[in-house]
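Colleague:
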Amino acid sequence: MKEFPILVSNRVSASVALVLLETIQEKDQPTEVLKEENTSVTIPRRLGLSQVVVDRIDVYREEVKRDGKIADHELKDLVGLVNKRPDAAEIFFECGQRLALESFSLPRIVKRFFAIWLIKRRISRCLLRLFGRRIGGFSGSDLTFECKSHLFMEIDSAGNACLLLAGICYESARGFGKKSVEVKHTACESQGDAFCRWDIQMSSVTVG
Numbered sequence: 014m015k016e017f018p019i020l021v022s023n024r025v026s027a028s029v030a031l032v033l034l035e036t037i038q039e040k041d042q043p044t045e046v047l048k049e050e051n052t053s054v055t056i057p058r059r060l061g062l063s064q065v066v067v068d069r070i071d072v073y074r075e076e077v078k079r080d081g082k083i084a085d086h087e088l089k090d091l092v093g094l095v096n097k098r099p100d101a102a103e104i105f106f107e108c109g110q111r112l113a114l115e116s117f118s119l120p121r122i123v124k125r126f127f128a129i130w131l132i133k134r135r136i137s138r139c140l141l142r143l144f145g146r147r148i149g150g151f152s153g154s155d156l157t158f159e160c161k162s163h164l165f166m167e168i169d170s171a172g173n174a175c176l177l178l179a180g181i182c183y184e185s186a187r188g189f190g191k192k193s194v195e196v197k198h199t200a201c202e203s204q205g206d207a208f209c210r211w212d213i214q215m216s217s218v219t220v221g
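Position in the sequence shown counted from 1, then plus 13, gives you the working numbering.
(1) For the alpha helix (DSSP H) holding CYS139, just list the boundary residues, first then last.
(2) Tell me whether GLU107 is buried or exposed, calling it buried when 16 or more other Cβ atoms sit within 10 Å of its Cβ.
(3) Checking the sheet assignment: what are the DSSP bridge partners for GLN38?
(4) Rounding to the nearest angstrom, what Cα-Cα distance links ALA102 and ALA174 in this structure?
(5) How is HIS86 classed by DSSP in three states: helix, strand or coil?
(6) Below 8 Å, how does it come out for the stretch 151-159 and the stretch 79-94: are there three or more Cβ pairs, yes or no?
(7) For LEU131, collect the residues of the same chain with a Cβ closer than 6 Å to its Cβ; drop the 5 residues on either side in sequence, then sort them by chain order.
(8) Using the three-state DSSP reduction, which class does ARG79 fall into: helix, strand or coil?
(9) By the DSSP assignment, the alpha helix (DSSP H) with ARG111 in it spans what residues?
(10) From the DSSP secondary-structure annotation, give me the bridge partner or partners of ALA179.
(11) Using three-state DSSP, classify GLY150 as helix, strand or coil.
(12) My assumption, with CB atoms under 8 Å, is that ILE181 sits in contact with LEU141. Please give the rounded CB distance.
(13) Determine which residues share a DSSP beta bridge with ASN23 and list them.
(14) Anyone know if the C-beta pair for PHE158 and ILE136 falls short of 8 Å?
(15) Mapping DSSP to helix, strand and coil, what is ASP212?
(16) For THR36, count neighbouring C-beta atoms within 10 Å of its own C-beta (all shown protein chains included) and say buried if the count is 16 or more, exposed if not.
(17) Can you have a look at SER63 and say buried or exposed, based on whether 16 or more other CB atoms are within 10 angstroms of its CB?
(18) If I measure Cβ to Cβ from GLY205 and keep anything under 7 Å in the same chain, skipping five residues before and after, which residues do I get?
(19) Give the secondary structure of ALA200 by DSSP, where H, G and I count as helix, E and B as strand, and everything else as coil.
(20) Indicate the three-state DSSP secondary structure (helix, strand or coil) for PHE158 in the structure shown.
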């Protein structure tokens, strides 16, 4: 399996770590009848309620207030924690959505005629803000995002962390397509492809 070097500089926004752990914590709020639990499934999930996770959330909240950063290897450790769970894919995607949430107000006509350009700009700026570097780019005039030997493969060679980017793309585009948005991860380095590709599909780019 191809190895990716892990950078040591602190460039990743602490908000990424915070949202990951908060998403885990919310997923792990007890809903099952404990005496009927399948412990092989529920015990790993309940890690989100452990005191260690609670303490780390408090630390990251303080870091976010200071616009703090974390190193790539710290993000890799958190991704590894998520990957031990059966709902890892769901967590990564939801985390990406939350990280991309951003209030903005534009005239309807601007959204209608410049939707593609605005979506591309929003995704690129979001990735730079969250991860402290440029990650990939859009191919041609379509909403096709591609990158090679990128951060998400560095921290998770299995490819699950790619769903973080899928969630970011989905949420960034959702406001421009009447919620009829679909993001397909059509190529992935973890599966032997030369690069990763995400296709953002919308049935309509009109708003309202």
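Beta carbons are placed, not taken as given, at the ideal position from N, Cα and C, and that holds for glycine.
Modeller: Result, derived from the coordinates:
(1) Where CYS139 is concerned, the enclosing alpha helix (DSSP H) starts and stops at 128-144.
(2) Result: buried.
(3) DSSP, once it has assigned bridges, lists no residue as partnering GLN38.
(4) Just so you know, the alpha carbons of ALA102 and ALA174 end up roughly 8 Å apart.
(5) Three-state result, HIS86: helix.
(6) Not touching, per the Cβ criterion.
(7) Excluding five sequence positions before and after LEU131, none of the CB atoms of its chain fall closer than 6 Å to its own CB.
(8) Judged by DSSP in its simplified three-state form, ARG79 adopts coil rather than helix or strand.
(9) That run of the alpha helix (DSSP H) goes 101-113.
(10) Paired residues: none, contrary to the question.
(11) Three-state result, GLY150: strand.
(12) So it is not a contact: roughly 12 Å between Cβ atoms.
(13) ASN23 pairs with ALA84.
(14) Taking the C-beta atoms as reference points, ILE136 is found nearer than 8 Å to PHE158.
(15) Assigned with DSSP and collapsed to three states, ASP212 falls in strand.
(16) THR36 is buried by the Cβ-count criterion.
(17) When all chains shown are included, SER63 counts as exposed.
(18) Excluding residues within five positions, none has a Cβ falling inside 7 Å.
(19) In the structure shown, ALA200 sits in a strand (DSSP, three-state: E or B).
(20) PHE158 sits in a strand when the DSSP states are folded into three classes.
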